[in-house]
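Peer 1: Numbering (the working numbering), first residue to last: 485 to 1199.
The beta-carbon is built from N, C-alpha and C at its ideal position, and this holds for glycine as well.
What you are looking at is a predicted structure, and each value in this text was computed from that prediction instead of being measured.
A single structure is presented below for examination.
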Amino acid sequence: MAERSFKAEVEHLKLGEGDTFTGEGILAITKALLESGVGYVGGYQGAPISHLMDVLSDAQDLLADLGVRYEANANEAAAGAMLAASVHYPIRGAVTFKGSVGVNVASDALANLASSGVTGGAMIIVGEDYGEGSSIMQERTHAFAMKSQFWLLDPRPNLPSIVKAVSDGFELSEASNTPVMLMVRIRSCHVTGSFECRDNRHPELTVRDALSEPRSDFARVVLPPMSFAHEQDKVKNRWPAAEAFIRERGLNEMFGPDSARLGIVVQGGMYNGVIRALQRLGLADIYGETDVPIYVLNVTYPLISNEFLEFCEDKEHVLVVEEGQPEFIETQLGSFLYRASSDVKLHGKDLFPMAGEYTGAVMLDTVEAFVRLAAPDMLPANVRAPNAEKPKIPDLSKTVPIRPPGFCTGCPERPIFAAMKLVENELGKHQIAADIGCHLFAALPPFEIGGATMGYGLGPAANGAFDGGGEKRPVAIIGDGGFWHNGLSSSFTNMSFNKSDGVAIVVDNFYSAATGGQDIMSSRATNPTKSTRNPISKALKGVGIDWVREVDRTYDVGRMRDTIREALTTPEKGPKVIVASSECMLNRQRREKPLRNKAIKEGRRVEAPRFGVDEEVCTGDHACMRLSGCPSLSLKKLDDPLRDDPVAHIDQSCVGCGNCGEVADAAILCPSFYRADVVHNPGGFEKWWAGMRSRVIGWLIKRRASRRLEFQAAS
485 MAERSFKAEV EHLKLGEGDT FTGEGILAIT KALLESGVGY VGGYQGAPIS HLMDVLSDAQ
545 DLLADLGVRY EANANEAAAG AMLAASVHYP IRGAVTFKGS VGVNVASDAL ANLASSGVTG
605 GAMIIVGEDY GEGSSIMQER THAFAMKSQF WLLDPRPNLP SIVKAVSDGF ELSEASNTPV
665 MLMVRIRSCH VTGSFECRDN RHPELTVRDA LSEPRSDFAR VVLPPMSFAH EQDKVKNRWP
725 AAEAFIRERG LNEMFGPDSA RLGIVVQGGM YNGVIRALQR LGLADIYGET DVPIYVLNVT
785 YPLISNEFLE FCEDKEHVLV VEEGQPEFIE TQLGSFLYRA SSDVKLHGKD LFPMAGEYTG
845 AVMLDTVEAF VRLAAPDMLP ANVRAPNAEK PKIPDLSKTV PIRPPGFCTG CPERPIFAAM
905 KLVENELGKH QIAADIGCHL FAALPPFEIG GATMGYGLGP AANGAFDGGG EKRPVAIIGD
965 GGFWHNGLSS SFTNMSFNKS DGVAIVVDNF YSAATGGQDI MSSRATNPTK STRNPISKAL
1025 KGVGIDWVRE VDRTYDVGRM RDTIREALTT PEKGPKVIVA SSECMLNRQR REKPLRNKAI
1085 KEGRRVEAPR FGVDEEVCTG DHACMRLSGC PSLSLKKLDD PLRDDPVAHI DQSCVGCGNC
1145 GEVADAAILC PSFYRADVVH NPGGFEKWWA GMRSRVIGWL IKRRASRRLE FQAAS
């Protein structure tokens, strides 16, 4: 299994009526699902919702007692399709995945689900990964909710509101026969707080019970003429039912005075930023009591026109706080005002940046500008007075180097790209397509290998236009997680069917590493609830790819280099795949470090490798760094006045993978790297022998020093 345990988090899921839950938002969602009587849960891991999947994976006993089916889906499309269980059966189901990228993968299944509609409550929990820290393209889920008519919830980022949104979402889905999306931003997932628990509920109908009494209704099959009827049902029945439910249940919230010259409409997830800005402007207290009316959209789609227009009564200016672009909400609210012939002036992207994350600074500046425009007399005197010119913030990009993501220390993927650099030096630059995953870091210095990336598992497919043969073969890189997610069916079947003459390298680190180290089909460890140890090479041969080479230790840079060279130069036609395997160092350290520390503490003999650089041998040309890029390989300035250039140095973060020495050997660099084995709790003979060696070496050092002094005196 993956080398992480979530037993402590599982205990939180067992809390019941009268207990208080304290923890992170994403775990609160997990608990809320069980309190809402969910019948099945699935999804695909990815920040910021991986924690939900990981905890449920370790909660199999609890889920079995409740009659809840848990599925770790192969990809987001499989997760979306899983919600089909709620089409004919009154079973509540939930799936979860990462933001817009997950919605993109699942779009076919979700579009069909939205067309047919649901009987049981169906919820998609979307971890909206937006802003400068995002690992994906900057897109919003809102567009898909509008396109396929999913109701979109965006609760205020505090645990009681998030938990309530889960319960409300299921009920809204059932009341309108429409699937619901629950959008939680990174801050919502990781916000900490508490809420009063309810008892976990058994589903009213379990999936096991449903199998005993199968149901079907051809009216819900997405085929003409039913598909046309589905569209009519959306507009005439589901939409009005949703609007009535949202309004009657008060899912959206209003804060502040009943009337004022100005007001703020805000996505629920952005509420904390708005209230903090008002506090800093002296327009709200620490308890959230505000002088400016706020209309909080905990449901951002559909928008309720009469509710919004009531909020706008007696107001002259209204600010819409909508993060991201295009401004879907602002445009719709403007349409409501236009149709009502309202004189209210709507503000939004005229004051806020069109795109980018609304950080605290952005929120403060924009809210202040809005209040100064709409009601300057509301600002306290110290704010109302003309401000002195603010100090200009320097452009730090000119002085501070960027800090892009990079491989972990000891990462087994680094030697693969070192080998590729060596081959590139021999054969010249090749067309290289990348994929989603840790190996994408190779596109950055020092490797600068890998160009475009078109989606998870689509690395080899991205080279389809180049796979027909040419002077140089194209190369594609894909991870083992991407291979099983979508790569086998899309990329490698595509290569095989089209008789591609390209090369693909599968980076196999035994886990879906970039998403948190979850097990996958080819993981080497035994997992009691999942099928592992399914070789990637076997799957490749199953789709007709015969030229497959396996390298079981990627740190052997010489062998990696020779295998890549062979794939690029062999006269044999057809697709060529290299499966390069070594365990993710992060997961390996998670497993081995506790065992090693325990053994040392118990007094058992433990031998650990350490690597270093002989300062007298190192030439200081730093080629080893350009071919390795390991964070533990740094520079050291010598005291020797005759040597100006710093030499290579290995710091204490080294994990002993040996890649630096392997690279130096394969590239025929200076032989300055050495390995020393550190022995903890040595035996008696080892201590005696170490003492003898130390004395002999000390004598030789003194002898050399004395001869050097004699030579200097003579000269």
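So what does DSSP say about S1065, is it helix, strand or coil?
Peer 2: On the sequence shown, position 581 is the one that residue 1065 refers to. S1065 falls in the strand class under three-state DSSP.
Peer 1: Relative to the C-alpha of Y614, which residue among L1193, N1081, M754 and E955 is closest?
Peer 2: Start at 1 with the first residue of the sequence shown, and residue 614 comes out as number 130. That would be M754, whose Cα lies nearest to the Cα of Y614.
Peer 1: Return the first residue and the last residue of the beta strand (DSSP E) that A606 is part of.
Peer 2: Within the sequence shown, the letter at position 122 stands for residue 606. Taken as a continuous stretch (DSSP letters only), the beta strand (DSSP E) holding A606 covers A606 to E612.
Peer 1: Mind checking which residues open and close the alpha helix (DSSP H) that includes Y755?
Peer 2: Working through the sequence shown from its first residue, we reach residue 755 at position 271. Residues Y755 to R764.
Peer 1: Tell me whether the beta-carbon of V1041 lies closer than 7 Å to the beta-carbon of V1147.
Peer 2: Taking the first residue of the sequence shown as position 1, residue 1041 is located at position 557. Taking the first residue of the sequence shown as position 1, residue 1147 is located at position 663. Cβ distance < 7 Å, so V1041 and V1147 count as in contact.
Peer 1: Note down the Cα distance separating L497 from M537, rounded to an integer number of angstroms.
Peer 2: Taking the sequence shown and counting its residues from 1, one reaches residue 497 at position 13. Taking the sequence shown and counting its residues from 1, one reaches residue 537 at position 53. Each residue's Cα considered, the two are about 13 Å apart.
Peer 1: Pull the bridge partners of P709 from the DSSP assignment, please.
Peer 2: The count along the sequence shown starts at 1 and reaches residue 709 at position 225. Its beta-bridge partners do not exist; DSSP assigns none.
Peer 1: For V851, collect the residues of the same chain with a Cβ closer than 6 Å to its Cβ; drop the 5 residues on either side in sequence, then sort them by chain order.
Peer 2: Within the sequence shown, residue 851 is the residue found at index 367, counting from 1. Answer for V851: A761, listed in chain order.
Peer 1: Check this for me: beta carbons of V571 and R731, under 7 Å apart or not?
Peer 2: Numbered from 1 along the sequence shown, position 87 holds the residue referred to as residue 571. Numbered from 1 along the sequence shown, position 247 holds the residue referred to as residue 731. No.
Peer 1: Between A531 and T999, what straight-line distance do the alpha-carbon atoms span, to the nearest angstrom?
Peer 2: Counting from 1 along the sequence shown, the entry for residue 531 is found at position 47. Counting from 1 along the sequence shown, the entry for residue 999 is found at position 515. The alpha-carbon atoms of A531 and T999 are separated by roughly 7 Å.
Peer 1: Report yes if the C-beta distance between G943 and A926 is below 7 Å; otherwise report no.
Peer 2: Taking the first residue of the sequence shown as 1, we reach residue 943 at position 459. Taking the first residue of the sequence shown as 1, we reach residue 926 at position 442. Going by C-beta atoms, G943 is not nearer than 7 Å to A926.
Peer 1: Buried or exposed for Q716, please, with buried defined as at least 16 other CB atoms from any protein chain shown within 10 angstroms of its CB.
Peer 2: Within the sequence shown, residue 716 is the residue found at index 232, counting from 1. Exposed.
Peer 1: What residue ranges within the region 1081 to 1147 form continuous alpha helix (DSSP H) runs of no fewer than 4 residues, ordered along the chain?
Peer 2: List check, alpha helix (DSSP H) in window: 1107 to 1112.
Peer 1: Rounded to whole angstroms, how far is the Cβ of S645 from the Cβ of R576, which I believe are closer than 8 Å?
Peer 2: Here residue 645 is taken as the residue at index 161 of the sequence shown, counted from 1. Here residue 576 is taken as the residue at index 92 of the sequence shown, counted from 1. That belief does not hold up - the Cβ atoms of S645 and R576 are roughly 20 Å apart, past 8 Å.
Peer 1: Check each candidate in V539, S489, Y524 and Q529 and name the one with the smallest Cα separation from A512.
Peer 2: Your numbering for residue 512 matches position 28 in the sequence shown. Nearest option by C-alpha distance: V539.
Peer 1: Does the contact criterion of 3 or more C-beta pairs under 8 Å hold for the region 651 to 658 versus the region 587 to 607?
Peer 2: Flag = yes, the region 651 to 658 and the region 587 to 607 touch.
Peer 1: Can you list, in chain order, the residues of its chain whose CB lies under 7 Å from that of T1013, leaving out five sequence neighbours each side?
Peer 2: Reading the sequence shown from its first residue, position 529 is the one you call residue 1013. Same-chain partners within the cutoff: Q544.
Peer 1: Output the boundary residues of the beta strand (DSSP E) element that contains F654.
Peer 2: As a position in the sequence shown, residue 654 is number 170, starting the count at 1. Here F654 belongs to no beta strand (DSSP E); instead the alpha helix (DSSP H) covers L643 to S660.
Peer 1: Does R1159 come out as helix, strand or coil in the three-state DSSP assignment?
Peer 2: Walking along the sequence shown from the start, residue 1159 turns up at place 675. Note: R1159 maps to strand in three-state DSSP.
Peer 1: As a quick exercise: from Y771, I920, K1025 and L880, pick the residue whose alpha carbon is nearest that of G966.
Peer 2: Working through the sequence shown from its first residue, we reach residue 966 at position 482. Per the Cα distances, I920.
Peer 1: Can you give me the C-alpha to C-alpha distance between V907 and D992, rounded to a whole angstrom?
Peer 2: Within the sequence shown, the letter at position 423 stands for residue 907. Within the sequence shown, the letter at position 508 stands for residue 992. C-alpha separation (whole angstroms): 20 Å.
Peer 1: Can you look up A578 in the DSSP assignment and give me helix, strand or coil?
Peer 2: The sequence position of residue 578 within the sequence shown is 94, counting from 1. It is a strand residue.
Peer 1: Considering only residues of the same chain and omitting the five flanking positions on each side of S632, which have a CB-CB separation below 7 Å?
Peer 2: The residue you call residue 632 lines up with position 148 of the sequence shown. Closer than 7 Å at Cβ, skipping near neighbours: L594, A595 and A598.
Peer 1: Does E1100 pass the burial test, meaning 16 or more other C-beta atoms within 10 Å, or should it be called exposed?
Peer 2: Mapped onto the sequence shown, residue 1100 falls at position 616. When all chains shown are included, E1100 counts as exposed.
Peer 1: Would you mind sorting T1053 into buried or exposed? The rule is 16 or more other CB atoms within 10 Å of its CB.
Peer 2: Position 569 of the sequence shown, counted from the first residue, corresponds to residue 1053. Exposed.
Peer 1: Which value, in whole angstroms, describes the spacing of the CA atoms of M485 and S1065?
Peer 2: As a working note, residue 485 is residue 1 in the sequence shown. As a working note, residue 1065 is residue 581 in the sequence shown. With a pLDDT of 48 at M485, under the threshold of 50, the modelled position of this residue cannot be trusted, and the question is left open.
Peer 1: Within a Cβ cutoff of 7 Å, which residues of the same chain sit near H626, ignoring the five residues on either side of it in sequence?
Peer 2: Translated into the one-based positions of the sequence shown, residue 626 becomes position 142. If we look at H626 and ignore the five residues flanking it on each side, its Cβ neighbours are L636, T784, Y785 and F812.
Peer 1: Extract the residue ranges of the beta strand (DSSP E) inside the region 691 to 742, only unbroken runs of 3 or more that lie entirely within it.
Peer 2: Entirely contained in the region 691 to 742, the beta strand (DSSP E) runs reaching 3 residues are, in chain order, 737 to 739.
Peer 1: Which same chain residues, not among the five before or five after A768, have their C-beta less than 8 Å away from its C-beta?
Peer 2: The count along the sequence shown starts at 1 and reaches residue 768 at position 284. Counting only Cβ-Cβ distances below 8 Å, and skipping sequence neighbours, we find I759, L762, T774, D775 and V776.
Peer 1: What span of residues does the alpha helix (DSSP H) with D592 cover, start to end?
Peer 2: What you label residue 592 is simply residue 108 of the sequence shown in a count that begins at 1. From DSSP, the alpha helix (DSSP H) with D592 extends over G583 to S600.
Peer 1: Compute the Euclidean distance between the alpha carbons of D1046 and M904, then round it to the nearest angstrom.
Peer 2: Translated into the one-based positions of the sequence shown, residue 1046 becomes position 562. Translated into the one-based positions of the sequence shown, residue 904 becomes position 420. Rounded to the nearest angstrom, the two C-alpha atoms are 10 Å apart.
Peer 1: Excluding the five sequence neighbours on either side, which residues of its own chain have a C-beta within less than 7 Å of the C-beta of S489, listed in chain order?
Peer 2: Reading the sequence shown from its first residue, position 5 is the one you call residue 489. Result list for S489: D542, in chain order.
Peer 1: For P1125, is the classification buried or exposed, using 16 other Cβ atoms within 10 angstroms of its Cβ as the cut-off for buried?
Peer 2: By 1-based counting over the sequence shown, the position of residue 1125 is 641. When all chains shown are included, P1125 counts as exposed.
Peer 1: So if DSSP puts V525 in a beta bridge, which residue, or which two residues, is it bridged to?
Peer 2: Reading the sequence shown from its first residue, position 41 is the one you call residue 525. Bridge partners of V525: Y554 and A578.
Peer 1: Taking DSSP as the reference, what is the three-state secondary structure of H686?
Peer 2: Sequence index remark: in the sequence shown, residue 686 carries index 202 (1-based). Coil.
Peer 1: Buried or exposed, going by whether 16 or more other CB atoms sit within 10 Å of the CB of R1177?
Peer 2: Position 693 of the sequence shown, counted from the start, is the residue given in the question as residue 1177. Exposed, by the Cβ-count rule.
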